[in-house]
Amino acid sequence: MIDNNNSEFIDQLTALAKKNNKIRSENYARYDVKKGLRNSNGTGVLVGLTGIGEVHGYIIDEGEKIPVEGRLNYRGINVSDLVSGFQNEARHGFEEVCYLLLFGELPSAEQLEKFSDLVGQFRILPEGFLRDMILKAPSKDIMNKLARSILASYSYDPNPDDTRMKNVLRQSIELIGQFPTMTAYGYQAMAHYHKNESMFIHKPNPKLGTAENFLLMIRQDGKYSKTEADTLDLSLVLHAEHGGGNNSAFTTRVVSSSGTDTYSAIAAAVGSLKGPRHGGANIKVMQMMTNIKENISDWKDMNEIEWYLEKILAREAFDKSGLIYGLGHAIYTVSDPRAELLKQKAFELAEEKNKVDEYNLYLAIEDLAPKVFSRVRKSNKNLCINVDFYSGFVYSMLNIPLELCTPLFAVARVPGWCSHRIEEMVTVKTIMRPAYKSVVNQKDYVPLHDR
């Protein structure tokens with residue numbers, strides 16, 4: 001902490017830092033800088049090629065963006081087909097998706113069993129890790145604790161800097177197995193030391209999948225229903241990968257291009273996902289929906305719902321940001337396929353939890369929000385509900401604490417990050433180094449006694 005004697009000096013330094021780090025906005029247009037790596041039409045600047053994930057939400061025709069139904073492919077396979085495949089066989093799909101993302105093809109039944117067993121073996125943390133790396137330094141933020149745990153894993157690895165493919169794959173599979181355990185234990189430490197709650201540590205079960213283990217480890221009684229596990233597994237599948245252009249996947253590739261170790265690259269990705277502009281959207285949805293439910297007397301009254309959405313857009317309600325969280329996406333225009341799939345499963349869970357009325361409220365907002373936005377903002381922009389809208393509802397029905405929502409996103413996304421790291425190492429093999437143009441005038445050095 002800064003004492004009072006230094007506070008005024010820090011204020012002066014703060015003002016100085018703001019003044020001398022401001023680039024005039026007109027310079028970006030003058031030098032045709034793709035600010036945020038975005039083109040003038042909002043599309044992403046093409047900086048690489050990938051065979052891992054494809055996100056499709058529009059087409060460009062004669063320079064214009066044409067909205068189309070959303071599509072998400074993993075290694076060329078439509079995620080809807082993947083989901084239908086494992087759900088029709090009454091099994092979970094996350095481990096299968098991990099295999100597909102890492103190795104580029106679907107596993108046979110024998111390969112899937114061996115891979116799942118391997119991931120299961122890695123769920124238990126190394127001897128002393130829980131005590132020394134998690135319980136002795138609890139963090140108020142689970143993402144911070146997860147990043148620290150990943151970096152600490154370097155010290156437990158007998159061969160951490162070996163970037164040959166066999167070793168990187170071993171490290172990747174270990175992290176996929178350990179992420180749920182690190183996250184669950186990090187939450188238990190936070191809840192005990194920072195919220196004065198009871199702490200309970202359940203050992204992961206190597207025979208169970210990721211979704212089942214996560215529910216087992218965060219709940220005091222370790223119990224869960226089949227519908228709960230099925231729904232969480234689907235959410236993990238839908239969050240496992242989303243192309244190389246999202247901020248955390250791009251971070252993984254940038255850091256990996258330097259030739260650094262796996263733990264440094266994946267910890268950097270976690271740091272990216274922690275940012276509220278990237279991984280925290282479903283938390284905002286949950287908070288917004290709580291506010292809506294508290295301020296609408298009749299959840300079936302479409303006029304009242306529409307009235308309150310107008311207040312949110314007018315910056316008169318909720319957090320006064322003027323945003324309806326869960327509405328709109330950088331790529332998807334007509335529909336987000338992840339939201340469509342999760343919405344179907346959310347209904348099953350809502351029936352089990354006696355929350356169908358709340359589910360119907362979500363449906364009403366999904367229908368009304370784009371219309372209200374178009375009218376209030378006088379905009380023709382195509383907007384659809386995104387996956388964060390329904391994932392927030394699912395997590396609330398699963399009684400997953402707010403503090404775990406973004407870390408759970410990381411648990412799902414680590415196979416995607418590791419796949420992008422591997423692709424960068426195998427294919428590109430060049431350090432990523434974009435250009436920045438200096439716009440400051442040349443200055444003379446002034447001796448200290450003349451300043």
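Residues 1 to 451 in the numbering used here are what the sequence shown lists, from first letter to last. All C-beta atoms in this analysis are idealised placements derived from N, C-alpha and C, irrespective of residue type, glycine included.
In chain order, 52, 101, 102 place their CB closer than 6 Å to the CB of residue 419, counting only its own chain and leaving out the 5 sequence neighbours on each side. The C-beta separation of residue 324 from residue 313 comes to about 7 Å, placing the pair in contact by the 8 Å criterion. Spatial neighbours of residue 55 in its own chain (CB-CB distance under 7 Å, excluding positions within 5 residues in sequence) are listed in chain order as 72, 242, 243, 331.
At a Cβ-Cβ threshold of 8 Å, residue 262 and residue 396 do not count as neighbours. For residue 65, DSSP records a beta bridge to 60. According to DSSP, residue 74 shares a beta bridge with 53, 77. Under the three-state reduction of DSSP output, residue 44 falls in the strand class. Taking C-beta atoms under 8 Å as the contact rule, residue 235 and residue 116 fail to qualify, at a distance of about 18 Å. The three-state reading of DSSP puts residue 277 in coil, since its state is none of H, G, I, E or B. For residue 24, the three-state secondary structure derived from DSSP is coil.
Within the model, the alpha-carbon separation for residue 434 versus residue 424 is close to 16 Å. Measuring C-alpha to C-alpha distances from residue 337 to each of 442, 386, 222 identifies 386 as the nearest. For a cut-off of 8 Å, the C-beta gap from residue 333 to residue 382 is around 4 Å, short enough to register as a contact. Look at the beta carbons and you see the segment 368-377 not touching the segment 159-169: under three pairs across the two are nearer than 8 Å. As a beta-bridge residue in DSSP terms, residue 327 pairs with 385. Within the segment 114-201, the complete alpha helix (DSSP H) segments at least 4 residues long are 142-156, 165-195, listed from N- to C-terminus. Taking each of 106, 246, 260, 139 in turn and checking the Cα distance to residue 154, the smallest one comes out for 260. Here residue 270 has 143, 146, 147, 150, 410 as same chain residues with Cβ atoms under 7 Å from its own Cβ, once five neighbours each way along the sequence are excluded.
In the same chain as residue 345, and ignoring 5 residues on each side of it, the C-beta atoms closer than 6 Å to its own belong to 231, 234, in chain order. Three or more Cβ pairs drawn from the segment 191-210 and the segment 114-132 lie within less than 8 Å of each other, which places the two stretches in contact. Judged by beta-carbon spacing, residue 89 lies beyond the 8 Å limit of residue 112, meaning their Cβ atoms are not closer than that value.
Closest in C-alpha terms to residue 86, from the list 15, 309, 109, comes 109. Looking from the CA of residue 121, the closest CA among 194, 178, 359, 79 belongs to 178.
Straight-line spacing of the CA atoms in residue 130 and residue 278 works out to 28 Å. Residue 238 and residue 44 have their alpha carbons spaced roughly 22 Å apart. Restricting attention to 436, 450, 442, the CA atom closest to the CA of residue 28 is found in 436. Excluding five sequence positions before and after residue 257, the CB atoms of its chain that fall closer than 7 Å to its own CB belong to 424, 428, 430, 431, 432, given in chain order. Distance from the Cα of residue 378 is smallest, within the candidate group 246, 133, 440, 310, for 310.
Rounded to whole angstroms, residue 339 and residue 389 show a C-alpha spacing of 7 Å.
Distance from the CA atom of residue 17 to the CA atom of residue 57, rounded to whole angstroms, is 40 Å. Selection 299, 443, 135, 168 evaluated against residue 368 yields 299 as nearest (Cα-Cα).
Around the beta carbon of residue 290, fewer than 16 other beta carbons sit within 10 angstroms, so the residue counts as exposed. Considering only 280, 248, 222, 285, the residue with the shortest C-alpha distance to residue 268 is 248. Restricting attention to alpha helix (DSSP H) runs no shorter than 4 residues, the segment 370-437 encloses them at 387-397, 405-423, ordered along the chain.
One thing to note: residue 415 has its Cβ no nearer than 8 Å to the Cβ of residue 134.
Residue 219 carries a coil assignment under DSSP once its states are collapsed to helix, strand and coil.
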